[in-house]
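What follows is one structure encoded as structure tokens, with my remarks underneath.
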Amino acid sequence: MSKRHAKYLWTILLGLGLMALAQETQQASNNGLSKAGEYAPGTLGMIAQPAPSSPPEGSLYAVGAWPLYTPALEDGPGKELVSGYCNTCHSTTYITMQPAMPAAYWETNVNRMINTFGATIPPDDAKQIIAYLQSHYTIETRKQAAPPAPQAAPQTQAVTGSTGSPVYQSCAGCHQASGAGIPGVFPPLAGHVPDILKAPGGREWIVQLLLNGMAGEIQVNGQKYNGAMPDFSQLNDQDIAAVLNHISTQWGNDKLLPQGHQPFSTDEIKTARGQKLTPQQVLEARNKLGLK
Amino acid sequence: MGQKQAMNPTPGKPLERREFLRRGGLALGILGLFPTVAAFVRAQGQATSPLPSFTGPGSNPYWNGVNPYVVYPQKAPLLRLTDRPVQLETPRGYFLTAVTPNAAHYVRYHLDEIPNAVDLAAWRLSVEGNVDKPLKLSLAELIANFKPVSLAAVNQCSGNSRSRFQPRVAGGQWGNGAMSNAVWTGVRLKDVLAAAGVKSGTVQISFQGLDRGKGPEGKGSNAFIKALDWNDPVLEEVILAYAMNGEPLPMLNGFPLRAVVPGRFATYWMKHLTWIRALTEEEKNFWQASAYKVPDNPRGLTTPQEASTVKTVPIGKYPMPVRSFIITPDGSSKIPLGLPLSVRGIAFSGYGRVTRVEFSDDDGKTWRPAALGEYLGPYSFRTWEYLWRPQKPGKYVLAVRASDERGNVQPDEPVWNASGYMWNRIERQEIVVGSAG
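Residue numbers (the working numbering), protein chains in the order written: chain A, 1 to 292; chain B, 1001 to 1437.
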């Protein structure tokens, strides 16, 4: 058989094979195939692949920010207090992760946060926090979350806002994305930051506040606040300058700034690190600013 | 699924399960079921509805916790327990191999200021306290000036499988995936301590990493420090690891250096290890003195009634109890009768070499020996396999039980203590065998 003939033969055989296969497929519906071609919208969500990153130069080894995946807390009185106080040290996944627990657990645990871990939560607020947790996260009260929406907006967007400084995430738990704080619990930044910057020494003081924290009673626009602000000295100079510039220009604060206001610079933060203050000293320094 | 597959850390010594082939696992190769990739994730069920968002008051019935998949830097999608501090569980499918890929190695932090960047030009390992010659060692000096050693060892969270507890206890609600195995490469702690010269009067060696928290100084919410007794023989075996499966440590697993404490729970395996201190008085911080304590017996057993009065000791007093797991089948497929099914998994013990793994298809009433995979060292996962030929259709409860060289046999009694530590009950997997026509 010549090569050409062989080629024809193969073509014919292949054709016959394909025909046989087509017949087989037609018969498949009555050959054990019980269901096929059924699709439904995927409700479990999908995860985007991360893009490759380029490593920094020299001796620095870095990854990006740690992503947050925090589900919303149940709505109800006390939710803002929980969000504000608990977020100081950890996200509220520490609440939503727990199994359905007896009500007594939440009282024990909030007290443990205060007594063992040093959370500064005034007794009235602690009571409201316990009441909230018991209303939503016990064996009797807890409800299963709705399945995730197929295209949920990333959580961080909601926290930082569209113009957000990523660093402000750390602040929004207490001072809120709106900068309005919570009256009597967490002081506002909207409107208040320009007041601080206008006071003589206020600009230097707010840098010290971020680097050293503050503890004790203060008043903002006649409203009392008796909590504590943690220090954020672990942030680098650039991040502290960025977040200060963020809070001095958001929520209309940019229109209230003192004349000739200059953005905070990295050098300014670096210099200020030299002066170590206790949270009490930061409070005393605040009292000297003459804020109302 | 993982962007990074674990590299074979010991060239010329394949980690794949040669022994299985020898012992009759050859049928697997013929059936085309033999795995050709280092690890893969298999979905536990179908794809039409999610797991519940929490479990309780009953025990979590799922192999892993019920949490969603999320993406983190240098990581494959893992199961998120908490996002700040970060706690991520390894999905079941990654345990088909003895060595867990770095990208799938589980993550557990206590404090939220987790390093995003480390400058090795400035980073130094400090060896200080009651020593003749305090040291400040760069990573380059650690690598160049001390003899490198490698060891396969299981890193398991004290609270692994906490969601099994009845009654439930609060804390990280892990399924079985708060464990991973890696080949760790680094230097011996004893060599570094010898270079510093530990002085007499030392009672403990403490370890602290770069991670911190926002709580007040002196509280557990500010710093995480752990210590081992100076007379604890495990100090001889501790490795300060700068590599994991032949790669640098992922940031979330402790870059640039972590302590590896073979056979002991992970609470002592300090990540981002930066300070080693020889102490003349016992470490008193919260994490050492109050947390990570168990009733003073090898399984940490007590009862809810006695929990508040029982005497407790640091969990480091006891090695990790012997455990074994069924990884496949995972219940996602019905098994046709007549198919010899490869039941596979891993086993390990903090007490040393796993010497026997037994398989049951009748809920633990009768047991038959499974074939053991390659021995990678006393502290490593060891794979096992049982070629199962069910005789009739129906529902089966498969179970697995391991024994170690010290004669410990995995028990079927559950564990209970107030903190949710040391779970090691026999594991089960329900499976349905159908008629094959």
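The beta carbon of each residue, even a glycine, is placed where N, CA and C say it ideally should be.
Endpoints, the alpha helix (DSSP H) within which residue i is located
| i | result |
| --- | --- |
| residue 1320 (chain B) | That residue, residue 1320 (chain B), is in no alpha helix (DSSP H); it is neither H nor E in DSSP. |
| residue 85 (chain A) | 79 to 86 |
| residue 127 (chain A) | 123 to 136 |
| residue 299 (chain A) | Because residue 299 (chain A) is not part of the residues shown, which for chain A are 1 to 292, the question remains open. |
| residue 1206 (chain B) | Here residue 1206 (chain B) belongs to no alpha helix (DSSP H); instead the beta strand (DSSP E) covers 1204 to 1212. |
| residue 1267 (chain B) | Per DSSP, residue 1267 (chain B) belongs to no alpha helix (DSSP H) and is neither H nor E. |
| residue 238 (chain A) | 237 to 249 |
| residue 198 (chain A) | 192 to 198 |
| residue 267 (chain A) | 266 to 272 |
Top-ranked residue by Cα proximity to residue i, from the options
| i | options | result |
| --- | --- | --- |
| residue 1263 (chain B) | B:1367, B:1256 and B:1237 | B:1237 |
| residue 1299 (chain B) | B:1159, B:1376 and B:1147 | B:1159 |
| residue 273 (chain A) | A:87, A:213 and A:86 | A:213 |
| residue 89 (chain A) | B:1097, B:1112, B:1071 and B:1170 | B:1112 |
| residue 1302 (chain B) | B:1399, B:1422, B:1068 and B:1181 | B:1422 |
| residue 67 (chain A) | A:45, A:91, A:61 and A:75 | A:91 |
| residue 1321 (chain B) | B:1434, B:1369, B:1375 and B:1408 | B:1408 |
| residue 1417 (chain B) | B:1079, B:1214 and B:1163 | B:1163 |
| residue 1129 (chain B) | B:1082, B:1203, B:1147 and B:1097 | B:1203 |
| residue 1060 (chain B) | B:1167, B:1084, B:1106 and B:1107 | B:1167 |
| residue 186 (chain A) | A:174, A:179 and A:199 | A:174 |
| residue 1444 (chain B) | B:1067, B:1107, B:1117 and B:1161 | Because residue 1444 (chain B) is not part of the residues shown, which for chain B are 1001 to 1437, the question remains open. |
| residue 180 (chain A) | A:226, A:278, A:265 and A:252 | A:252 |
| residue 1290 (chain B) | A:52, A:102, A:117 and A:104 | A:117 |
| residue 1063 (chain B) | B:1049, B:1220, B:1145 and B:1093 | B:1093 |
| residue 1387 (chain B) | B:1369, B:1323, B:1142 and B:1374 | B:1369 |
| residue 239 (chain A) | A:270, A:72, A:250 and A:291 | A:270 |
Enclosing beta strand (DSSP E) for residue i [first to last residue]
| i | result |
| --- | --- |
| residue 231 (chain A) | Neither: residue 231 (chain A) is in no beta strand (DSSP E) and is coded neither H nor E. |
| residue 1179 (chain B) | 1179 to 1188 |
| residue 1288 (chain B) | Not the beta strand (DSSP E): residue 1288 (chain B) falls in the alpha helix (DSSP H), residues 1286 to 1289. |
| residue 1155 (chain B) | 1148 to 1156 |
| residue 1428 (chain B) | 1427 to 1434 |
| residue 1401 (chain B) | 1394 to 1404 |
| residue 1088 (chain B) | 1086 to 1089 |
| residue 1346 (chain B) | 1341 to 1348 |
| residue 1242 (chain B) | 1239 to 1244 |
Assigned exposure category for residue i - 16 Cβ within 10 Å defines buried
| i | result |
| --- | --- |
| residue 1039 (chain B) | Interpretation of residue 1039 (chain B) is limited by its pLDDT of 32, a score under 50 that renders its predicted location unreliable; no figure is taken from the coordinates. |
| residue 47 (chain A) | exposed |
| residue 42 (chain A) | exposed |
| residue 35 (chain A) | exposed |
| residue 1025 (chain B) | Low confidence applies to residue 1025 (chain B): its pLDDT is 36, below 50, so where it sits in the model is not reliable, and the reading given next is rough at best. So residue 1025 (chain B) ends up on the buried side. |
| residue 1274 (chain B) | buried |
| residue 1020 (chain B) | For residue 1020 (chain B), the predicted model reports a pLDDT of 35, less than 50, meaning its position is unreliable; a value from the coordinates is still stated below. Answer is buried; the Cβ neighbour count reaches 16. |
| residue 1366 (chain B) | exposed |
| residue 1170 (chain B) | buried |
| residue 1186 (chain B) | buried |
| residue 33 (chain A) | exposed |
| residue 157 (chain A) | Because the pLDDT at residue 157 (chain A) is just 35, under 50, the model does not fix this residue reliably, and the point stays unresolved. |
| residue 1373 (chain B) | buried |
| residue 1080 (chain B) | buried |
| residue 1344 (chain B) | buried |
| residue 65 (chain A) | exposed |
| residue 1435 (chain B) | exposed |
Neighbouring residues, chain C, relative to residue i (Cβ below 8 Å)
| i | result |
| --- | --- |
| residue 210 (chain A) | Absent here is chain C; the protein component of the structure consists of chains A and B. |
### Task
Return the residues of the stretch 1199 to 1222 of chain B that lie within a Cβ-Cβ distance of less than 7 Å from chain A, sorted by chain order.
From the stretch 1199 to 1222 of chain B, only 1212, 1213, 1214, 1215, 1216, 1219, 1220 and 1221 have a Cβ closer than 7 Å to chain A.
#### Entry: Contacting positions in the stretch 1104 to 1125 of chain B - beta carbon closer than 7 Å to chain A
Listed by position, the residues of the stretch 1104 to 1125 of chain B near chain A (Cβ gap below 7 Å) are 1112, 1113, 1114, 1116, 1117, 1118, 1119, 1120 and 1121.
### Task
Evaluate the contact criterion for the stretch 74 to 86 of chain A versus the stretch 1127 to 1140 of chain B: three or more CB pairs, one atom per stretch, below 8 Å.
Segments in contact, no.
### Query
Any residues in the stretch 112 to 143 of chain A with a beta carbon nearer than 8 Å to a beta carbon of chain B? Which ones, in chain order?
Per Cβ criterion, the list reads 116, 117, 118, 119, 139 and 142.
#### Entry: Touch test, the stretch 1332 to 1344 of chain B against the stretch 1273 to 1292 of chain B, Cβ-Cβ under 8 Å, three pairs minimum
A contact between stretches requires three or more CB pairs, one per stretch, nearer than 8 Å, and the stretch 1332 to 1344 of chain B fails this requirement with the stretch 1273 to 1292 of chain B.
### Query
If you pair each beta-carbon of the stretch 1077 to 1095 of chain B with each one of the stretch 1171 to 1183 of chain B, do three or more pairs fall below 8 Å?
Under the Cβ criterion (8 Å, minimum of three pairs), the stretch 1077 to 1095 of chain B counts as touching the stretch 1171 to 1183 of chain B.
### Query
Do the stretch 1306 to 1315 of chain B and the stretch 1250 to 1258 of chain B make contact, defined as three or more Cβ pairs closer than 8 Å?
When C-beta atoms of the stretch 1306 to 1315 of chain B are compared with those of the stretch 1250 to 1258 of chain B, fewer than three pairs fall below 8 Å, so the two segments do not count as touching.
### Query
Between the stretch 1151 to 1167 of chain B and the stretch 84 to 92 of chain A, do at least 3 Cβ pairs fall closer than 8 Å?
Under the Cβ criterion (8 Å, minimum of three pairs), the stretch 1151 to 1167 of chain B does not count as touching the stretch 84 to 92 of chain A.
### Message
Closer than 9 Å between beta carbons: that is the criterion. Which residues of the stretch 50 to 63 of chain A meet it against chain B?
### Response
Residues 50, 52, 53, 56, 58, 59, 60, 61, 62 and 63.
### Task
Could you name the residues of the stretch 63 to 75 of chain A whose beta carbon sits closer than 9 Å to any beta carbon of chain B, in the order they occur along the chain?
Cβ contacts with chain B come from 63, 64, 65, 66, 67, 68, 69, 70 and 71.
### Message
Three Cβ pairs or more, each shorter than 8 Å: is that satisfied between the stretch 189 to 197 of chain A and the stretch 274 to 285 of chain A?
### Response
Taking 8 Å as the limit for Cβ pairs, the verdict is that the stretch 274 to 285 of chain A does not touch the stretch 189 to 197 of chain A.
### Task
Report yes or no: do the stretch 1394 to 1402 of chain B and the stretch 1419 to 1436 of chain B share at least 3 C-beta pairs separated by less than 8 Å?
Yes, since at least three Cβ pairs between the stretch 1394 to 1402 of chain B and the stretch 1419 to 1436 of chain B fall closer than 8 Å, the two stretches touch.
### Query
Three or more beta-carbon pairs under 8 Å between the stretch 1222 to 1239 of chain B and the stretch 1283 to 1290 of chain B, yes or no?
Counting Cβ pairs under 8 Å, three or more are found: they touch.
### the stretch 196 to 205 of chain A / the stretch 250 to 261 of chain A touching (three or more Cβ pairs under 8 Å)
Between the stretch 196 to 205 of chain A and the stretch 250 to 261 of chain A, the count of C-beta pairs closer than 8 Å reaches three or more; the two stretches touch.
#### Entry: Residues in the stretch 1078 to 1103 of chain B having any Cβ partner in chain A nearer than 9 Å
Answer in chain order: 1080, 1081, 1082, 1083, 1084, 1085, 1086 and 1087.
### Task
Residues of the stretch 1046 to 1059 of chain B with a CB closer than 8 Å to any CB of chain A: list them in chain order, please.
Cβ proximity to chain A below 8 Å picks out 1047, 1048, 1049, 1050, 1052, 1053, 1054, 1055, 1056 and 1057 from the stretch 1046 to 1059 of chain B.
### Query
the stretch 1236 to 1256 of chain B: which residues have C-beta closer than 9 Å to a C-beta of chain A, in chain order?
Listed in sequence order: 1248, 1250, 1251, 1252, 1255 and 1256.
### Query
Looking at chain A, which residues of the stretch 1264 to 1290 of chain B have a Cβ within less than 8 Å of any of its Cβ atoms?
The stretch 1264 to 1290 of chain B vs chain A, Cβ under 8 Å: 1286 and 1290.
### Task
Could you run through the stretch 32 to 51 of chain A and flag, in chain order, every residue whose CB is less than 9 Å away from some CB of chain B?
Hits within the stretch, in order: 32, 40, 42, 43, 44, 45, 47, 48, 49 and 50.
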